[in-house]
Structure formats: structure tokens, C-alpha cells
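Numbering follows full-length UniProt numbering, in which position 230 of the sequence shown is assigned residue number 230; successive positions increment by one, without gaps.
Backbone N, C-alpha and C fix where the C-beta goes; we use that ideal spot for every residue, glycine too.
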Amino acid sequence: MGSQWGTGLNKWFGGSWLLLLALSLAGALSVFAGVPVWQAGLAWFVLTGLVLVADHKPEPAPERPATAEEQAPHDVVEVISASLNALDIPTLLLDGEANVLSQNAGADRLLGSLPLGAHVAGRLRSPAVLDIIRETLATGRPNQLEHVERLPSQQVYVVRIAPVELPGRDQRDRLYLLSFRDVSELHRLDRMRSDFVANASHELRTPLASLRGFIETLQGAAKSDPKAQERFLSIMLDQSTRMSRLIDDLLSLSRLELRSNVAPEGKVDLVPLLSHVRDALSPLAEELHVEINLHLPERAVEVTGDRDELVQVFENLVENACKYGQDGKTVDVFLKSPEAGPVEVSVVDHGPGIPSEHVPRLTERFYRVSVADSRSKKGTGLGLAIVKHILTRHRARLVVTSEMGKGSQFTVRF
1 MGSQWGTGLN KWFGGSWLLL LALSLAGALS VFAGVPVWQA GLAWFVLTGL VLVADHKPEP
61 APERPATAEE QAPHDVVEVI SASLNALDIP TLLLDGEANV LSQNAGADRL LGSLPLGAHV
121 AGRLRSPAVL DIIRETLATG RPNQLEHVER LPSQQVYVVR IAPVELPGRD QRDRLYLLSF
181 RDVSELHRLD RMRSDFVANA SHELRTPLAS LRGFIETLQG AAKSDPKAQE RFLSIMLDQS
241 TRMSRLIDDL LSLSRLELRS NVAPEGKVDL VPLLSHVRDA LSPLAEELHV EINLHLPERA
301 VEVTGDRDEL VQVFENLVEN ACKYGQDGKT VDVFLKSPEA GPVEVSVVDH GPGIPSEHVP
361 RLTERFYRVS VADSRSKKGT GLGLAIVKHI LTRHRARLVV TSEMGKGSQF TVRF
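The structure is reproduced here in C-alpha cells:
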């Protein structure tokens, strides 16, 4: 009970209740000592008030939860810079005067390292890009354009600048992101698609026009001329055969593109396959006075692949070597299978060779080193494109080397 009473006094009077009790006893004793009652009471009242005032401690105010702005890091630039480094798109952070506050690794590679605080015009020289930066800084609205870099090679970028909206930040201190999205591959594919349609149309239009002309001649002037009919019909057969080859190659390309992501699973022995290719092309080689020599190991050499597609690859390569390298009189086919290394098949001709500027483009559709040569040898311009697609599906690659006056080598590396 006494303990509860003491706790109550502590609650109401803090730690001074003992002092107050002492003052009360002193007042009572002063009365017995002859001090007038009114004086003792006044003194007790004044002292008690002073003790209570001195001992009073106001309760602390409850803590207010921090706002989102107070919880956010003070250095916004550091936070944005750390985020930019996670992006693979070249991006720069600019202030309201187009000075560079930060740039990520992609921007370093594209533009080179800029000193922090330097004006973006120190690296960007394109008037069009600088114009959209100035416009966005003035209006606060996003802007973008397509920018072409021609050196060291042609690259196309979508350059975009947009303000960074930060709550509570003064508009005068607004930050801006300048990004460069590389769309070169999309442009290249778009150009290839346009070129493909134009080339395919041209390749089909030529034999069709020839057929139409001969048919009109046979219906008119050569209607009663057996010799002319025989000659024209022979040419018409050649033209229709050319169109059939072209359509077959286009269908092959289409099928290969549909299955390009599906790797074959079967096993193929290349030794008998290359012998089959040599036998199949022997009539053509004899006609062109070319000898096909095989250099094969005695043991089996197996690779993962589709037999029919690999036959198509090597028939294309050997046939091209016979046609375009016939001046060398021989075509050599080497099969190499080292213990530690990739299996390789090399088709080597000893003809005039291919100029170096043409080598990188040989596998493009309808690309020809010499249009007249290709047409005279009944080529469609799609053979090496088909080879490339088949080898891509087989996870293999084609390596081409050539030296003018000495011949060419086409190597399939599995």
C-alpha cells in the first residue's frame, strides 16, 4: 500500500514529494516555535510553488513520421547515375544548361568520356541533335530524331531527350536524360527486305518477258517456221527452268528461316556424304572439264546435322567452285577432323579468285560479284544465302578466303 502511495506521488509531483513533506514538517515546527501561523503558511506556499515549477518536465512531443521527400537521398544525381549504369542504352544526364552531370558506360563507348560539368556540345557536333536539346531545355517537352553516324561505319540512332520529373524539385533545377537507341540493325533488315523484293521481282521479270516475247513471235512471224520454233522453244525451256530454280531457292530459304532456331539432332557421317556429292556433280564437272579431288580420312567423321541439308550445302559449294573456278581445272575437297578441334570441310578452287571487297557480302541474297557471269552460268544469286542459313541452323559457320589469281577457299567449320 505504501509503495502504491509513493508511486502515485511520483506520478503527480515527480521526484519532489519528499521535499514537500519536509517543508510541511518545517512549517509545523515553526508554529510551535512561536512563528505566527500566517507567516509560516505564506512561506510554505511560496516554497512549494517554486519546487513544483522547478521540477516540472514537459512530456516530449510524439515523433512525426518522415515524409517521402525526407526519406529520399539528398543527392538525386548519384541515384540517377547509379540507375543509368544498369542500362545498356548510351544515356547522359544533363542539367538545365546542357552540362553533363553523369553518363553511363554505353555513352562512354559511343561518345568518349566527358568531364563532369562540361557542355554536351563538347562531344556532340550534330546541329540537329543540339537543336532538339535546346528546344527541350526551353519548353520542357520531350524530343527525338533519327541521327546517322557515317564514320567509322554507318550507324543509325534514335536520339531522345526528355525531362526527369522529380516531386518537390524546382523547375529551374530540372534534370534531363539524353539517350541514343541503336536502330542500325532494323534499318539494315528493312533495306535487305526492300532489296530482296526488288531483286526477286527483277529476276522473275526477265525470264517472263523473254517467254512472252517468244510466245508472241511463235504466234506471229514464226508461226510456220519449224527451225525458228525449235530454237525459240529451246530458249523458252531454259528460261522456265531458270524461273523454277529461282522459285525453288526462294521456297528453300523460306523453309530454312522458319526452322532456323531448331537445331538438327541426327548424326551424319561426312565421308560417304562428300563422296555422294562428288558423284552427283561428276557430269557437270566433265562438261566444264574440271576434276573434283576428295581428300578424306579413312575413318568415319560424324557431325550432328540433317543429311539432306548438308548435301545441299556441299553441292552448292562444289558446284560454284566448278563453275567459277573452272580455269584452274581442279577442285579439291578436304575433310579435317583433329582430335582436339572443330571438324572442317574446305572446298578449294584454283580459279581467278574474288576481289576482297566482295567477300563479306557473298552470302547476301541476290548478291553477285559479276551479274553477267552469274547469269551465263545459270546462277540464281541465292545459293550462298541458302548455305549460310543451313549452317546457322547447324550451329556451324562459313569462312571464305580468296586471293586474286590464285583461287578461293570456302571452309565449313562445325
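Straight-line Cα distance separating Glu-344 from Thr-392: 15 Å
Residue 415 classed as buried or exposed, judged by whether at least 16 other C-beta atoms fall within 10 angstroms: The requested residue 415 does not occur in the structure, where the chain is confined to residues 1 to 414.
Using a threshold of 9 Å, state whether the C-beta atoms of Phe-314 and Leu-273 are closer than that. yes
To which residues of the same chain is Met-404 closer than 6 Å at the C-beta, ignoring the five residues directly before and after it? Gly-353.
Express the C-alpha separation of Glu-185 and Leu-92 in angstroms, rounding to a whole number. 23 Å
Count the C-beta pairs between the region 321 to 335 and the region 283 to 302 that are closer than 8 Å, then say yes if the count reaches three, no if not. yes
Taking only three categories from DSSP, how would you classify Tyr-157? Of the three classes helix, strand and coil, the one that applies to Tyr-157 here is strand, per DSSP.
Less than 8 Å between the CB atoms is what I'm expecting for Val-311 and Ser-337, so what's the real figure, rounded? At roughly 19 Å, the Cβ-Cβ gap does not stay under 8 Å, so Val-311 and Ser-337 are not in contact.
Of all the options Asp-182, Glu-364, Leu-166, Ala-105, which has the alpha carbon lying nearest to the alpha carbon of Leu-175? Leu-166
Is there contact between the region 262 to 279 and the region 227 to 246, where contact requires at least three CB pairs shorter than 8 Å? no
Expected contact under 8 Å - CB spacing of Thr-363 and Ala-396 to nearest Å: The Cβ separation is near 13 Å, so there is no contact.
Would you say Asn-104 and Leu-84 are within 9 Å of each other, going by their C-beta atoms? Yes, these two residues count as a Cβ contact at 9 Å.
Whole-Å CB distance - Val-400 paired with Ser-408, under 8 Å assumed: 7 Å
Please determine, among Gly-305, Gln-229, Pro-142, the residue with the shortest C-alpha to C-alpha distance to Ser-260. Gly-305
Return the chain-ordered ranges of every beta strand (DSSP E) run that is complete within the region 338 to 388 and spans a minimum of 3 residues. 344 to 349
Check whether Arg-181 and Ile-89 have beta carbons under 9 Å apart: yes
What are the boundary residues of the alpha helix (DSSP H) that includes Lys-267? Not the alpha helix (DSSP H): Lys-267 falls in the beta strand (DSSP E), residues 267 to 269.
Assuming Leu-87 and Gly-106 make a contact with CB atoms under 8 Å, what is their CB distance in whole Å? 7 Å
Quick one: grab the DSSP three-state call for Ala-162. strand
Assuming Gln-229 and Ala-221 make a contact with CB atoms under 8 Å, what is their CB distance in whole Å? Taking 8 Å as the upper bound for CB-CB distance, Gln-229 and Ala-221 are not in contact here, some 11 Å apart.
Quick one: using the 10 Å Cβ neighbour count with 16 as the cut-off for buried, is Leu-116 buried or exposed? Its Cβ having fewer than 16 others within 10 Å, Leu-116 is exposed.
Could you spell out where the alpha helix (DSSP H) holding Val-311 opens and where it closes? 307 to 324
Through-space distance from Val-369 to His-358, alpha-carbon basis: Going by C-alpha positions, His-358 is about 6 Å away from Val-369.
Glu-410, enclosing beta strand (DSSP E) - first and last residue: Looking at the sequence itself, residue 410 is Phe, so the reference to Glu does not match. Run containing Phe-410: 407 to 413, per the beta strand (DSSP E) assignment.
Looking only at C-alpha atoms, which of Leu-296, Ala-340, Arg-212 sits nearest to Ser-346? Of Leu-296, Ala-340, Arg-212, the residue nearest in Cα terms is Leu-296.
Within 10 Å of its beta-carbon, does Ala-66 have 16 or more other beta-carbons around it, so buried, or fewer, so exposed? Because Ala-66 sits at a pLDDT of 46, beneath the cut-off of 50, its placement in the model cannot be relied upon, and the following sentence gives the value as read from the coordinates. Counting Cβ neighbours within 10 Å, Ala-66 comes out exposed, since fewer than 16 surround it.
Do Leu-303 and Val-268 have their CB atoms nearer than 9 Å? Here residue 303 is Val; the residue named in the question, Leu, does not match the sequence. Cβ atoms of Val-303 and Val-268: closer than 9 Å.
Note down the Cα distance separating Arg-365 from Phe-214, rounded to an integer number of angstroms. Roughly 29 Å between the two C-alpha positions.
Once the 5 residues before and after Pro-163 are set aside, which same chain residues still bring their CB inside 6 Å of it? Gly-140, Arg-174, Tyr-176
Just mark Gly-122 as buried or exposed, buried being the case when its beta carbon has 16 or more other beta carbons within 10 Å. Classification of Gly-122: exposed, given that the 10 Å Cβ count is below 16.
Contact check, Leu-145 vs Val-156 under 8 Å by CB: the rounded distance? No, Leu-145 and Val-156 are not in contact; Cβ-Cβ is about 11 Å, not under 8 Å.
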